[in-house]
Amino acid sequence: MNQLRKDFITGLEERVRDNYTPSIVARYALEFYLDHDFTDSKLEYVINYLRGIDAGPQFELSKKEVINFIKNK
139 MNQLRKDFIT
149 GLEERVRDNY
159 TPSIVARYAL
169 EFYLDHDFTD
179 SKLEYVINYL
189 RGIDAGPQFE
199 LSKKEVINFI
209 KNK
């Protein structure tokens, strides 16, 4: 696992440890996206997807679903 992936996962875990909402995940994904350049297309795909999970109930994922989504990509 490359360092940028580790940084993203660590930052996400810190933000949702005690309080999970899709908007927290989406906000973090957007901030991370804006702050980094990506050469890892799978990480970029995950971040782009997570940026939109607060767009409506049909896009929301539970904390468990977010973790599984990240692990499977």
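Numbering (our numbering), first residue to last: 139 to 211.
Cβ coordinates follow ideal geometry from the N, Cα and C atoms, glycine included.
(request) Report the rounded CA-to-CA distance for Tyr183 versus Leu172, giving the unit in angstroms. (result) 14 Å
(request) Would you check if the distance between the CB atom of Arg153 and the CB atom of Leu181 is smaller than 8 Å? (result) no
(request) Have a look at Asn210, Thr177, Ile205 and flag the residue whose alpha-carbon is nearest the alpha-carbon of Tyr158. (result) Looking at the Cα atoms, Ile205 is the closest of the given residues.
(request) Could you say which of Ser200, Phe207, Lys201 lies nearest to Asn186 if we only look at CA atoms? (result) Phe207
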